[in-house]
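Note sheet for the following structure.
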């Protein structure tokens, strides 16, 4: 099955703020960014099914791209930053912060999850998706979800996954 993964457009959050599962606003450039994303998506042709993260930055893009009824699935939420959500990284005094910086792949944030825990959620979602009879599905999600999908597809390792992170509004394709 071909899976088209789309990262939400640019968020209106100050640089250096830790956000993941918070429902943050989009920049006022949304329409222009979304139009470019929609044009890229349309080049793939029709989709058999659409999924979206339940967060508005993804559902809004799904609707703009013609998928207002995209199935919402919490397994494709961004990483849970727990107690660090919506705090400037520079203001986080948690003793686990340095441990997380040293190994964000395996170290969960306080009250949240690690990349590998997020990968486990996304993998379970993709394992289930593989059982569906569709030829092509589209997923509107987040950077960490797209990296997890690239790891799942064997295109990157967890250690180098974020170097392959698509830009806001970016579109990638994997086969599962």
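Residue numbers (the numbering used here): 168 to 343.
Built from N, CA and C at the ideal position, the CB exists for glycine as well.
Can you list, in chain order, the residues of its chain whose CB lies under 8 Å from that of residue 343, leaving out five sequence neighbours each side?
-> 168, 170, 293, 296, 297, 319, 320
Fully enclosed by the stretch 252 to 284, which alpha helix (DSSP H) runs are 4 residues long or longer?
-> 263 to 269
If you run the structure through DSSP and keep just helix, strand and coil, what is residue 286?
-> helix
Going by Cα to Cα distance, which pick from 218, 335, 341 is closest to residue 198?
-> 335
Taking the alpha-carbon positions, what's the residue 223 to residue 266 distance?
-> 31 Å
If you draw a straight line from the C-alpha of residue 286 to the C-alpha of residue 308, how long is it?
-> 13 Å
Three-state secondary structure (DSSP) at residue 248?
-> coil
Reduced DSSP category for residue 225 - H, G, I as helix; E, B as strand; rest coil = helix
Could you name the residues of the same chain whose beta carbon sits closer than 7 Å to that of residue 177, not counting the 5 residues immediately before and after it, in chain order?
-> 193, 194, 196, 200, 335
Alpha-carbon to alpha-carbon, residue 204 and residue 232 = 8 Å
What's the C-alpha gap between residue 207 and residue 281?
-> 31 Å
Residue 191, enclosing alpha helix (DSSP H) - first and last residue = Per DSSP, residue 191 belongs to no alpha helix (DSSP H) and is neither H nor E.
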